[in-house]
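Here the structure comes first, spelled out in structure tokens, and everything after it is commentary.
Number of protein chains: 2
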Amino acid sequence: MDMTMVACCQLAPVFGDPAANRELAAAAVTGAADRGASVVVLPELVSSGYVFRSRAEAAASAEAADGPTVTGWARLAAEHQIVIVGGFCETAGGELYNSAALVDSGGLRCVYRKAHLWDEESLWFTPGSAAPPVVATRLGRIAVMICYDLEFPEWVRLPALDGAQLLCAPTNWPAFLQADAAVNRMFIAACDRTGAERGVDWVAGSVIVDPDGWPLAEATGADGPVTITAECQLDLALDKATGPRNDVHADRRPGLYRRVADPGNSGPG
Amino acid sequence: MDMTMVACCQLAPVFGDPAANRELAAAAVTGAADRGASVVVLPELVSSGYVFRSRAEAAASAEAADGPTVTGWARLAAEHQIVIVGGFCETAGGELYNSAALVDSGGLRCVYRKAHLWDEESLWFTPGSAAPPVVATRLGRIAVMICYDLEFPEWVRLPALDGAQLLCAPTNWPAFLQADAAVNRMFIAACDRTGAERGVDWVAGSVIVDPDGWPLAEATGADGPVTITAECQLDLALDKATGPRNDVHADRRPGLYRRVADPGNSGPG
Numbered sequence: 057m058d059m060t061m062v063a064c065c066q067l068a069p070v071f072g073d074p075a076a077n078r079e080l081a082a083a084a085v086t087g088a089a090d091r092g093a094s095v096v097v098l099p100e101l102v103s104s105g106y107v108f109r110s111r112a113e114a115a116a117s118a119e120a121a122d123g124p125t126v127t128g129w130a131r132l133a134a135e136h137q138i139v140i141v142g143g144f145c146e147t148a149g150g151e152l153y154n155s156a157a158l159v160d161s162g163g164l165r166c167v168y169r170k171a172h173l174w175d176e177e178s179l180w181f182t183p184g185s186a187a188p189p190v191v192a193t194r195l196g197r198i199a200v201m202i203c204y205d206l207e208f209p210e211w212v213r214l215p216a217l218d219g220a221q222l223l224c225a226p227t228n229w230p231a232f233l234q235a236d237a238a239v240n241r242m243f244i245a246a247c248d249r250t251g252a253e254r255g256v257d258w259v260a261g262s263v264i265v266d267p268d269g270w271p272l273a274e275a276t277g278a279d280g281p282v283t284i285t286a287e288c289q290l291d292l293a294l295d296k297a298t299g300p301r302n303d304v305h306a307d308r309r310p311g312l313y314r315r316v317a318d319p320g321n322s323g324p325g
Numbered sequence: 057m058d059m060t061m062v063a064c065c066q067l068a069p070v071f072g073d074p075a076a077n078r079e080l081a082a083a084a085v086t087g088a089a090d091r092g093a094s095v096v097v098l099p100e101l102v103s104s105g106y107v108f109r110s111r112a113e114a115a116a117s118a119e120a121a122d123g124p125t126v127t128g129w130a131r132l133a134a135e136h137q138i139v140i141v142g143g144f145c146e147t148a149g150g151e152l153y154n155s156a157a158l159v160d161s162g163g164l165r166c167v168y169r170k171a172h173l174w175d176e177e178s179l180w181f182t183p184g185s186a187a188p189p190v191v192a193t194r195l196g197r198i199a200v201m202i203c204y205d206l207e208f209p210e211w212v213r214l215p216a217l218d219g220a221q222l223l224c225a226p227t228n229w230p231a232f233l234q235a236d237a238a239v240n241r242m243f244i245a246a247c248d249r250t251g252a253e254r255g256v257d258w259v260a261g262s263v264i265v266d267p268d269g270w271p272l273a274e275a276t277g278a279d280g281p282v283t284i285t286a287e288c289q290l291d292l293a294l295d296k297a298t299g300p301r302n303d304v305h306a307d308r309r310p311g312l313y314r315r316v317a318d319p320g321n322s323g324p325g
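As you go down the protein sequences, you meet chains A and B in turn. Quick note: the numbering used here has the first sequence finishing at residue 325, numbered continuously throughout. Quick note: the numbering used here has the second sequence finishing at residue 325, numbered continuously throughout.
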């Protein structure tokens, strides 16, 4: 079966300087593509940096999904015939979103808006309300979510049940990916950032995990920006069986998982 | 705040000999209580062993919930004023279940029947269909589930949302407890078994994890039966906040987690 080289470019974005970050990301993407990567994941909010102190600061670095950052990624994707997933500070309809775009040689395929906001993010960003998209690419089905979203097992389950083989997660802090990957038998590539920003340090823990939960590549201990890569046999994620009688998805019993207190689970409303 | 010593007695049950296993478990429970444990967790199917080759074999080692194994645990619980959670092979209404009982000084408090069956278990056991119970004990709220159940994030979520401070899991293979504990901010004590049985070896990986996902005690590498213990400040599990603006339960967005394909999530039926 085909192998797909997945890369995470763990970068240190320049706060509040989208033009500089476009160059930074483009150089990293090109480097990863030159090494043979077919999927390149960039960190959360790599277009803008993270540590905003006001909504105005976030707005100053925000771009539309057809702005120069995502358009530039689409151009790179077409040039190298690759898939790029990256986080950017999005403005749309007067709202700001902590978003991620997936682009491939066909251009922009989806924009995902982070649904679970962390800490001060809720002061400037509007949470998204659409499920994580699963995009059929020439490499397989690739899903997108962002950082804190990964800590909601229900959220990770949705793209897994929709057939995602690889979940790409721009993040500023990777958490429980090994469990997320193994209980869903799908690959996960989480691209963390690095570099101190306004006194905040990051774990710098980019990781690519296989459907057994095994880390194929980790950035732990890397000093400064780094790209990690792993060869992934994405077709493995199509098989959810863990033995002759078990299958991590077929063994689910969704009829038992409802909870009366959950509005979304108690009826069609 | 009060500390509660939790113990996992990682034992090697004698296959098909409930009487011998009652003695084995009683000695381990007494030893743990003598060391100061207030909650003692025993492995999955500690009454019977695990590697059945026929339903008849499972039936031969099965007992009712008011049989000698659970009654014996209740007597020990009263004697030492402790909580015991242990797995046993249950017979009820002509069905066999892979069950766990929680007993305290008040006697039998609940029987939980494993809802997600692993491998050949489905050949002899009927899956339970009741949610994991959460029992209000004098030490705090304690929940029960069994082994493979732990790999269904939706299932672990239910007792966590119902206020469980400690999840006790008799298991024959602990898996992703650190993530389960941290994403729900609750203590988890998983009691694995040890000893080869009919050519099958076990991981022997009992572990007690705190609400940050940190392992407080692990049996990894232990040779033969062992009891691990940890002092747990169970009240920590009442606070789901992870920062001034975040709370692992309040941040859930259950209205978004529905999936049309899930029968149980699409309507009240």
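Beta carbons: idealized from backbone N, C-alpha and C, even for Gly.
When the cut-off is 8 Å and only beta carbons count, does glutamate 113/B lie next to chain A? no
Consider the Cβ of leucine 223/B: report whether some Cβ of chain A lies at a distance smaller than 8 Å. no
Work out the CA separation of valine 96/A and glycine 162/A for me, nearest whole Å. 16 Å
Given 8 Å as the limit, is there contact between the segment 265 to 274 of chain B and the segment 200 to 219 of chain B, that is, 3 or more CB pairs closer than that? no
Mapping DSSP to helix, strand and coil, what is proline 215/A? helix
Between which residues of its own chain and phenylalanine 108/A is the CB-CB distance below 7 Å, once the five residues before and five after are set aside? Excluding residues within five positions, the ones whose Cβ falls inside 7 Å are Ala114, Trp180.
Check whether leucine 290/A and glutamine 234/A have beta carbons under 8 Å apart: no
Here's a check: name, in chain order, each residue in its chain whose Cβ is nearer than 7 Å to the Cβ of glutamate 218/A, leaving out the five neighbours to either side. The question names glutamate, yet the displayed sequence has aspartate at residue 218/A. If we look at aspartate 218/A and ignore the five residues flanking it on each side, its Cβ neighbours are Val190.
Cβ-based contacts, 7 Å cut-off: residues of the segment 245 to 258 of chain B near chain A: none
I need the straight-line Cα distance from alanine 88/A to tryptophan 129/A, nearest angstrom please. 13 Å
Other residues of its chain near serine 178/B: CB distance less than 8 Å, five sequence neighbours each side excluded: none
Consider the Cβ of alanine 171/B: report whether some Cβ of chain A lies at a distance smaller than 8 Å. Residue-level contact check: alanine 171/B touches chain A, since one or more beta carbons of chain A fall below 8 Å from its beta carbon.
Going straight from the alpha carbon of asparagine 321/A to that of arginine 308/B, what length do you get? Caution is warranted here: a pLDDT of 40 is assigned to asparagine 321/A, below 50, making its placement in the model unreliable, and the coordinate value is therefore given only provisionally. Cα to Cα, asparagine 321/A sits roughly 12 Å from arginine 308/B.
With serine 178/A as the anchor, note down where its alpha helix (DSSP H) starts and where it stops. 177 to 180
Three or more beta-carbon pairs under 8 Å between the segment 123 to 143 of chain B and the segment 69 to 81 of chain B, yes or no? yes
Would you say tryptophan 180/B faces chain A, with C-beta separation under 8 Å as the test? When Cβ-Cβ separations below 8 Å define contact, tryptophan 180/B makes no contact with chain A.
To the nearest angstrom, how far is the alpha carbon of valine 256/B from that of asparagine 228/B? Take the alpha-carbon of valine 256/B and the one of asparagine 228/B: they are about 11 Å apart.
In the DSSP assignment, the beta strand (DSSP E) including glutamate 151/B goes from what residue to what residue? Its beta strand (DSSP E) spans residues 151 to 160.
Which residues does DSSP list as the beta-bridge partners of valine 265/A? Ile244/A, Pro271/A
How many Å lie between glycine 325/A and aspartate 205/A at the Cα? With a pLDDT of 28 at glycine 325/A, under the threshold of 50, the predicted position of this residue should be treated as unreliable, though the coordinate-derived value follows. Using only the alpha carbons, I get a separation of about 23 Å.
Closer than 8 Å to chain A by CB, alanine 306/B: no
Cβ closer than 7 Å: which chain B residues qualify as neighbours of glycine 299/A? Asp175
Leaving out five residues on either side along the sequence, give the residues of the same chain with a beta carbon under 6 Å from the beta carbon of glycine 196/A. Non-local beta-carbon contacts of glycine 196/A in its own chain, meaning distances under 6 Å to residues more than five positions away in sequence, involve Gln221, Leu290 in chain order.
Which of the three DSSP states is assigned to asparagine 77/A in this structure? helix
Can you give me the start and stop residues for the alpha helix (DSSP H) that threonine 125/B sits inside? 124 to 136
Straight-line gap, leucine 132/A to isoleucine 284/B (C-alpha atoms, nearest Å): 54 Å
In whole angstroms, give me the CA-to-CA distance for alanine 192/A and isoleucine 198/A. Approximately 6 Å, taken between the alpha carbons.
In the DSSP assignment, the beta strand (DSSP E) including glutamate 169/B goes from what residue to what residue? Reading the sequence as shown, one finds arginine at residue 169/B and not glutamate. According to the DSSP assignment, arginine 169/B belongs to the beta strand (DSSP E) that extends over 163 to 169.
What's the C-alpha gap between serine 104/A and leucine 292/A? 35 Å
Who are the neighbours of tryptophan 129/A on chain B, taking C-beta pairs under 8 Å? Near tryptophan 129/A there are no residues of chain B at all, since even the closest Cβ is about 27 Å away, more than 8 Å.
Name, please, each residue of chain B whose Cβ falls closer than 7 Å to the Cβ of asparagine 302/A. Identification of chain B residues near asparagine 302/A by a Cβ-Cβ cut-off of 7 Å yields Trp174, Asp175, ordered along the chain.
Counting contacts by CB-CB distance shorter than 8 Å, is valine 239/B in contact with chain A? yes
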